[in-house]
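Enquirer: Numbering (this note's numbering), first residue to last: 421 to 929. Each residue gets a CB set at the ideal place from its N, CA and C atoms; glycine is no exception. Sending over a structure as structure tokens; questions will come in a sec.
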RNA sequence: GAGUCCCUAGCUCAAUGGCAGAGCAGUGGCCUUUUAAGCCAACGGUUCAGGGUUCGAAUCCCUGGGGACUCACCA
């Protein structure tokens, strides 16, 4: 039933809570006080009681005999369950540290205080309580409440306590309800936070410094993708949200910051599916005087170290597969990988027509692509990638699809580049960075030609970046790792929306 | 952008062409160690929206909205 006032439409349940709110205010009590008396979190209270029990054991008296000297705590949290039993009521509160049980006895707190609990509190409200800890007959550590107060009234009901919030759309649109009622969801985001923390610790420990580069850029670059475009009024010019951090981080390498990294959002104006969100998080790091083999060692050491930190092991379970992340990881050339899965040698079929013919000849199902490089990438995605469950460095990519990577000394058609695949998902991308400004300019020009041929995701010529490189850039290794993808891997989730707190959804009309 | 499936009470779910229902939550009552507390009672619906078919539509059809998955683009 919907109740309508001049200002709101709300449910009958909300109307009931508003009635209680009015009742509290009518009694001269502030339902939203600013000050909170709180000595312990839920977890700290439990730990304090266990510590007290341990001390007692040495002295002699049982906890029941010594109850009068049990720890006195002031706790606060959200009321998740209220279980009245006549003259005694049990409640469970939840704070960021966990849950704790409260016991209210009518003969202990008095008739009026006991009645007030039933009259004005609902599941979802915040409550603060003081009292001594004890264990119930069932052994649960519980606060014997001496006094309590309302910390904040909630006006909308929480989802059902047993099943939690199931509806996917509601879980994404109202993530706070998901976090409150689904412990799994909460754990995913704690793990994700742990991954980023562990990554920072690892890179800091290796002497990398964390930097911040522009998200709002006059020209996008550093990856092959369509950008989000916007307009900056003060300068009267078009701006882009970055699609990668790469070109700015390399400017820092040129500036003599030899080991830099950035963890931040990139934005790509592309599709939306279980592995893509238009706004996603990437770690990029650049290491002067290193090459792509150094980056491979860095990558496998870092990912294994992160997995150890957040899951306690380097061997993880993902979608029923056991994946071993301990180094060293398999290294497979792109050519050998595609040859093994399709029988096509991309070193033989080195132009678009020849490669198309070979694909047709074998009856392979791949979508048509406008350039040779994109077609090679398509073969990788269709036939090789699904086989790459265990962590694999696929190395030596065609120059045409790697415009920022250094050519291999013995074969200018290829670059010193690798992509990381784990659980059949692309998780990282790295190369020995191109530091020859003249070659870099040529690559940009070649990109323009590919764009003319129909490739919409080529990289624009960035004169300011070339200017920087003209001043001299040291040999450098660079790596990009997808934080969302890594989080999916380490939390065993197949949808990127499960590891992004607020995934992109269509706005409700 | 295309295809398939989904949308019912605050939440989790029933009802498949024939009286829209249950559990939880909420309301009233009983209950001093429960923890998915229990018992009794009453209450709670624009079945996503709009249109159509039909004696009759939550159910079938069409249009629109939102979501999930698959495909295409992408990391």
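Return the chain-ordered ranges of every alpha helix (DSSP H) run that is complete within the region 551-594 and spans a minimum of 4 residues.
Expert: 588-593
Enquirer: Quick check on this structure: which residue in 903, 525, 603, 782 has the alpha carbon closest to the alpha carbon of residue 722?
Expert: The shortest C-alpha separation from residue 722 is found at 903.
Enquirer: So, helix, strand or coil for residue 838, using DSSP?
Expert: strand
Enquirer: In or out: residue 890 buried (at least 16 other Cβ within 10 Å) or exposed?
Expert: exposed
Enquirer: Kindly indicate which three-state DSSP category residue 703 falls into: helix, strand or coil?
Expert: Secondary structure at residue 703: strand, using DSSP grouped into helix, strand and coil.
Enquirer: Check the DSSP bridge columns for residue 966 and list the partner residues they point to.
Expert: Nothing in the structure corresponds to residue 966, since the chain is present only between 421 and 929.
Enquirer: Mind reading off the beta-carbon distance from residue 515 to residue 462? Whole number of angstroms is fine, and I expect it under 8 Å.
Expert: Beta-carbon to beta-carbon, residue 515 and residue 462 are separated by about 5 Å, close enough to satisfy the 8 Å threshold.
Enquirer: Within 8 Å, do at least three Cβ pairs link the region 730-738 to the region 702-710?
Expert: no
Enquirer: So residue 575 and residue 438 are in contact, right, with Cβ under 8 Å, and what is the actual spacing, rounded?
Expert: Beta-carbon to beta-carbon, residue 575 and residue 438 are separated by about 6 Å, close enough to satisfy the 8 Å threshold.
Enquirer: Please report the distance separating the alpha-carbon of residue 718 from that of residue 580.
Expert: Spanning the two alpha carbons is a distance of roughly 46 Å.
Enquirer: To the nearest angstrom, how far is the alpha carbon of residue 427 from that of residue 488?
Expert: At residue 427 the pLDDT is 46, less than 50, meaning the model places this residue with poor confidence; the figure from the coordinates comes in the next sentence. Cα to Cα, the separation comes out at about 52 Å.
Enquirer: Where do the ends of the beta strand (DSSP E) carrying residue 816 lie?
Expert: 812-818
Enquirer: Assuming the contact rule is C-beta atoms closer than 8 Å, residue 491 and residue 468 should be a hit. Round their C-beta distance to whole Å, please.
Expert: 4 Å
Enquirer: Using 10 angstroms around the beta-carbon of residue 539, count the other beta-carbons present and answer buried if the total reaches 16, otherwise exposed.
Expert: exposed
Enquirer: Might you give, ordered along the chain, the residues of its own chain that have their beta carbon closer than 8 Å to the beta carbon of residue 421, omitting 5 neighbours on each side?
Expert: With a pLDDT of 48 at residue 421, under the threshold of 50, the predicted position of this residue should be treated as unreliable, and no value is reported.
Enquirer: With residue 773 as the anchor, note down where its alpha helix (DSSP H) starts and where it stops.
Expert: 772-781
Enquirer: Let me know the secondary structure DSSP gives residue 809 once reduced to three states.
Expert: coil
Enquirer: Which of helix, strand or coil does DSSP assign to residue 796?
Expert: Helix, per DSSP.
Enquirer: Nearest by alpha-carbon distance to residue 627: which of 619, 853, 901 is it?
Expert: It is 619 whose Cα lies nearest to the Cα of residue 627.
Enquirer: Of the residues 582, 470, 525, which one's Cα is nearest the Cα of residue 501?
Expert: 582
Enquirer: Less than 8 Å between the C-beta atoms of residue 897 and residue 659, yes or no?
Expert: no
Enquirer: Please confirm whether residue 786 and residue 802 have their CB atoms less than 8 Å apart.
Expert: yes
Enquirer: By Cβ distance below 6 Å, which residues in the same chain neighbour residue 597 in space, the five residues on each side in sequence not counted?
Expert: Only 579, 585 meet the Cβ criterion.
Enquirer: Is the region 597-607 touching the region 640-652, taking contact as three or more C-beta pairs under 8 Å?
Expert: no
Enquirer: For residue 829 and residue 518, what's the separation of their Cα atoms in angstroms?
Expert: If you take the alpha carbons of residue 829 and residue 518, they lie about 57 Å apart.
Enquirer: Within 10 angstroms of the Cβ of residue 475, are there 16 or more other Cβ atoms? Answer buried if so, exposed if not.
Expert: exposed
Enquirer: Between which residues of its own chain and residue 919 is the CB-CB distance below 7 Å, once the five residues before and five after are set aside?
Expert: 608, 612, 904, 907, 908, 911, 913
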